[in-house]
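The numbers in our numbering rise by one with no breaks, and the one at position 83 of the first sequence is 454.
Where a beta carbon is used, it is the ideal one built from N, C-alpha and C, also for glycine.
As the structure is a prediction and not an experimental result, all values here were calculated from the model.
Beneath this line is the structure, given in structure tokens, with notes to follow.
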Amino acid sequence: MAEGERIELYSIQSRILVGKRLQPCKCALHKNTLLRKIAKVNKENSNLNRYMELKFDPANPQYEYITNQDQANDALEELGKQQVLGLDIESTGLDPYTDKLLLVQIGTETKSYIFDARKIKLKELLRFKELLENPKIIKLMHNGKFDYGFIKIQAGAEINNIFDLMLAESVLTAGLKGKPASLKELSNEYLSLDVEKKVRESFINYTGTITDEQLRYAAMDTFLPFPIFNLQLEKLKKENLVNIAKVEFAVTTVVADMELRGIFIDTKKWREIIANLQKKRDEFAKQFQEQIRGYYSMNQNDLFGNHTDAINMNSQQQLMDLFNNKLGLNIPSTGDALLESVNHPIAQTLRNYRGYEKLISAFGESLLAKVSKVTGRIHPDFMQLGAATGRFSCRNPNLQQIPRNSEEVPFRTCFNPQPGYKLVVADYSNFEMRILADLSGDEKMLYALNNGLDIHSYTASLMFGLEYTKDFKKQYPQLRQIAKPIGFGLMYGMGPVGLIGRIRAETGKDITKEESQEYIKKFFSSYPSVQGFLDRIAKAAVQKGYSTTPAGRKRWYHKPTPDDPEFKRKISQIEREAKNHPIQGTNADAIKFALVFLKERLKKENIDGGIILAVHDEIVSEIREDQADAWAKIQSEEMVRAGQLFLKKVSIASEPFVSDVWEH
DNA sequence: AGAGGTGGTG
DNA sequence: CATGCACCACCTCT
372 MAEGERIELY SIQSRILVGK RLQPCKCALH KNTLLRKIAK VNKENSNLNR YMELKFDPAN
432 PQYEYITNQD QANDALEELG KQQVLGLDIE STGLDPYTDK LLLVQIGTET KSYIFDARKI
492 KLKELLRFKE LLENPKIIKL MHNGKFDYGF IKIQAGAEIN NIFDLMLAES VLTAGLKGKP
552 ASLKELSNEY LSLDVEKKVR ESFINYTGTI TDEQLRYAAM DTFLPFPIFN LQLEKLKKEN
612 LVNIAKVEFA VTTVVADMEL RGIFIDTKKW REIIANLQKK RDEFAKQFQE QIRGYYSMNQ
672 NDLFGNHTDA INMNSQQQLM DLFNNKLGLN IPSTGDALLE SVNHPIAQTL RNYRGYEKLI
732 SAFGESLLAK VSKVTGRIHP DFMQLGAATG RFSCRNPNLQ QIPRNSEEVP FRTCFNPQPG
792 YKLVVADYSN FEMRILADLS GDEKMLYALN NGLDIHSYTA SLMFGLEYTK DFKKQYPQLR
852 QIAKPIGFGL MYGMGPVGLI GRIRAETGKD ITKEESQEYI KKFFSSYPSV QGFLDRIAKA
912 AVQKGYSTTP AGRKRWYHKP TPDDPEFKRK ISQIEREAKN HPIQGTNADA IKFALVFLKE
972 RLKKENIDGG IILAVHDEIV SEIREDQADA WAKIQSEEMV RAGQLFLKKV SIASEPFVSD
1032 VWEH
């Protein structure tokens, strides 16, 4: 690239993401080729060069500490002239509702302005809001979702046009690293700079004063992003990942809003469900202890004359001892799939106990502890690049794994809208199957999905040479039950052994390895384009070291060396992961575009409400009652529109539900 | 503190 | 040889 060449960054809006009109924003950046050269030199050696040519001095960053409104206005006017800013905050903790915003640092390449949020009324500072919400100024941030939340709640501004170093790095290294890179790690990697991070703790243990050392530390975080940004942008362009990065940047404020809004949970009803489960669990626990007592010599009573437990039912070790040494069953593990086939009453009691114990421990009181004392709602932590495929993950708590509603365990019905509002729930139907049909171009699979046939019934009809009819599901339920796990499993490289287990789980029936192999053969000859497609993906991934979704998202693989003793196993692993990636990844791509579209529609249509959950192929929003029906239509339309960006051959369906509980 | 086992979701 | 993918929470044990 020639000196002075301009890099066009596009403002992050959906019309641009869709690629209809790629309008460069007016703020083209002068690419600093010098910095690139510096970084290259740095990587190789020479510390001296680095300090001479970085635009800031890591040992003595230039900053201005701003403690009154007049100073603030002057600084903001200066900052408003910039095209790119570094932005960071310091707070006493992680919760924007309970912890305190202390500092907001906004900087240019050469100077950092540190706003003391304790002394300046940021909410009343019009220029502050204008600057941060200005869509033409790029804000370089690291994990911007975090800072966005504090600034929205405590400074009243909704940051716009973020370039997030953490997300950029995750996009550039998907599949290679587990945890997202910290700013410290990025500084090390891109700038060979070892930055001090211990000072951060002093903000968390905030005592009421802010020292010069803390200010220097705070300033650094607005300087470091510039050179890293330049280098990451180069890489993103080189890997054709600019558009994916832009989606991630656009999604990050949607996710932030989603977390801030949180979700209401009916704690009373929740506790009633748990209490019921506990009662049943305790019965099975008691029954279990009685059943095994004879096998143990110790037979003690506690203070109240009750028998003490012979073993801890949650201890795999003690259970193995019971089953193998006391009962002579010789089982290799105590998982449910295995226990199911063990013909012994004690094993069955354990299974009953486990069913309840699982729910109580994973979704019981511990989940209610996550309700915010300030908002009365749950604010989970969504990680938008939590999975190597591009999917979200969720924790504290993980609302993506709340059990589906059943009569005995209606957990999801406890998630309700606030009074005067409704939940709008919409998911893509058979989305991964549709993606596979589209990407493989398989005519029969496309035919079935485009004509509203029940896909698993249709698969069964092809596999077993029967005519497909509307009541196939009723007529041949057992054949459909076989076709279903094959459809879900085989597209990711499941083998005959795995299929035996899946079919047993689905139907309770045991099939032989030969039968299993026969089913696989029948499936692939029913959909002749599918096998070739999957094999091509797998082969390409092993050869190139990465796989790609139609949207351009990449996932990389650690290729083993031929002398690796586990070479074959590792190659097979890559092949299976690669078969899954375009499918799961395209699902993620579509959901992310949909979220961005939905945020825009919420604003455009003046909707009172917001998105509260994204569960892989499902989006839940909370909308004022009188607008809910209209919004429901919009929500599924935008989801379909997002899917259509990448899938051109298959129809996409999303049916919305307006409801007072989370269900569909 | 981290690993392994188990099991909830898409 | 092992043998669907993607996660996270909870428990026990070392």
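Cβ distance (whole Å) where residue i is taken to contact residue j below 8 Å
i	j	result
Ile772	Val626	Before going further, note that residue 772 is Gln rather than Ile in the sequence given. Contact flag wrong, Cβ pair sits at about 18 Å.
Gln476	Asp583	Their Cβ separation, rounded to whole angstroms, is 14 Å, which puts Gln476 and Asp583 out of contact at 8 Å.
Met834	Ser900	About 16 Å; that fails the 8 Å criterion.
Phe659	Ile717	7 Å
Lys555	Glu480	Between Glu480 and Lys555 the Cβ distance is about 20 Å, and since that is not below 8 Å, they are no contact.
Thr463	Ile575	6 Å
Leu332	Leu536	The question about residue 332 has no answer, for the chain in this structure spans 372 to 1035.
Own chain residues within Cβ distance below 6 Å of residue i, not counting five before or after
i	result
Lys694	The question names Lys, but residue 694 is Phe in the sequence shown. These residues qualify, in order along the chain: Leu700, Ile702.
Leu511	Gly457, Phe534, Pro596, Phe600
Gly527	Lys494
Thr830	Ala854, Gly858
Asp934	none
Gly735	Ile645
Gln525	Leu472
Lys930	Gly916
C-beta contact flag for residue i and residue j at 8 Å
i	j	result
Phe534	Phe620	yes
Leu631	Pro467	yes
Tyr928	Gly546	yes
Ile581	Leu496	no
Leu721	Leu730	no
Met629	Ile983	yes
Asp995	Gly791	The amino acid occupying residue 995 in the given sequence is Arg; Asp does not appear at that position. Yes.
Ala961	Phe894	no
Phe521	Ile437	no
Leu1053	Glu610	Nothing can be reported for residue 1053: it is not among the residues displayed for the chain, which extend from 372 to 1035.
Trp1033	Arg725	no
Gly478	Phe594	yes
Val1021	Leu824	no
Gly633	Ser743	yes
Arg924	Gly747	no
Ala797	Ser1007	yes
Phe971	Gly981	The sequence shown places Glu at residue 971, rather than the Phe named in the question. Against a cut-off of 8 Å, the Cβ pair of Gly981 and Glu971 comes out as no contact.
Ala552	Tyr434	no
Residues near residue i by beta carbon distance below 8 Å, same chain, minus five either side
i	result
Asn685	Glu728
Asp1031	Asn787, Pro788, Lys793, Leu794
Leu465	Phe517
Lys411	Summary for Lys411: the model assigns pLDDT 46, below 50, so the residue's position carries little reliability; its value from the coordinates is reported in the next sentence. Cβ neighbours of Lys411 beyond the five flanking positions: none.
Asn647	Glu779
Asp707	Arg722, Arg725
Trp641	Leu738, Leu739, Phe782, Cys785
Cβ-heavy atom distance, residue i to the ligand FAD, below 7 Å
i	result
Pro751	The ligand content of the structure shown is nil, which means the ligand FAD is not present either.
Residues near residue i by beta carbon distance below 7 Å, same chain, minus five either side
i	result
Ile1023	Tyr799, Arg805, Val1011, Gly1014, Gln1015
Ile383	Residue confidence is low: Ile383 scores 38 on pLDDT, short of 50, so the model does not pin down where it sits. No coordinate-derived value is stated.
Phe968	Ser385, Glu1009, Arg1012, Ala1013
Asn416	Below a pLDDT of 50, predicted positions are generally treated as unreliable, and Asn416, at 43, falls in that range; the measurement from the model is reported next regardless. None.
Lys697	Tyr666
Ser832	Glu838, Tyr839, Phe843
Val1029	Lys793, Val795, Ala999, Asp1000, Ala1003
Asp680	Gln660
Ser959	The residue you asked about is not Ser; residue 959 is Ala in the sequence shown. Once the five neighbours on either side are set aside, the close Cβ partners of Ala959 are Thr760, Gly761, Arg762.
Where are the beta strand (DSSP E) runs, 3 residues long or more, that stay fully inside the stretch 979-1035, in chain order? Note on the stretch 979-1035: whole beta strand (DSSP E) runs with a minimum of 3 residues are 980-985, 989-995, 1025-1030, in chain order.
Given 8 Å, three or more beta-carbon pairs between the stretch 986-993 and the stretch 944-953: Counting Cβ pairs under 8 Å, fewer than three are found: no touch.
List in chain order: all unbroken alpha helix (DSSP H) runs of 4+ residues lying wholly within the stretch 707-787. For the stretch 707-787, whole alpha helix (DSSP H) runs of length 4 or above, ordered along the chain, are 707-711, 716-734, 736-739.
Counting Cβ pairs, one atom from each stretch, are 3 or more of them under 8 Å apart for the stretch 764-778 and the stretch 848-865? For the pair of segments examined, the stretch 764-778 was found not to touch the stretch 848-865: the number of CB pairs separated by less than 8 Å stays below three.
Check whether the stretch 865-874 and the stretch 887-896 touch, using three or more Cβ-Cβ pairs below 8 Å as the test. Touching, yes, given that three or more Cβ pairs across the two stretches are closer than 8 Å.
Spell out a yes or no on whether the stretch 479-486 and the stretch 435-447 are touching, meaning 3 or more CB-CB pairs, one atom from each, closer than 8 Å. Segments in contact, yes.
Which ranges does the alpha helix (DSSP H) cover as unbroken runs of at least 4 residues, wholly within the stretch 657-703, from first to last along the chain? Within the stretch 657-703, the complete alpha helix (DSSP H) runs of at least 4 residues are 687-691.
List in chain order: all unbroken alpha helix (DSSP H) runs of 4+ residues lying wholly within the stretch 575-617. Counting only runs that start and end inside the stretch 575-617, the alpha helix (DSSP H) elements of at least 4 residues fall at 583-594, 596-609.
Using 8 Å as the Cβ pair cut-off and three pairs as the minimum, do the stretch 549-566 and the stretch 931-946 touch? Output reads no: the stretch 931-946 does not touch the stretch 549-566.
Counting pairs of beta carbons, one from the stretch 903-913 and one from the stretch 833-840, are three or more of them closer than 8 Å? No: fewer than three Cβ pairs fall under 8 Å.
What are the start and end residues of each continuous alpha helix (DSSP H) run of 4 or more residues lying completely inside the stretch 817-900, in chain order? If only complete runs of 4 or more residues are kept, the stretch 817-900 shows the alpha helix (DSSP H) at 826-834, 843-846, 848-861, 867-878, 884-897, in order along the chain.
Counting only runs that start and end within the stretch 493-548, where is the beta strand (DSSP E) found for 3 or more residues in a row? Runs found: 509-512, 533-535.
Complete beta strand (DSSP E) runs within the stretch 892-953 (minimum length 3 residues, chain order): The qualifying runs are 917-919, 925-927.
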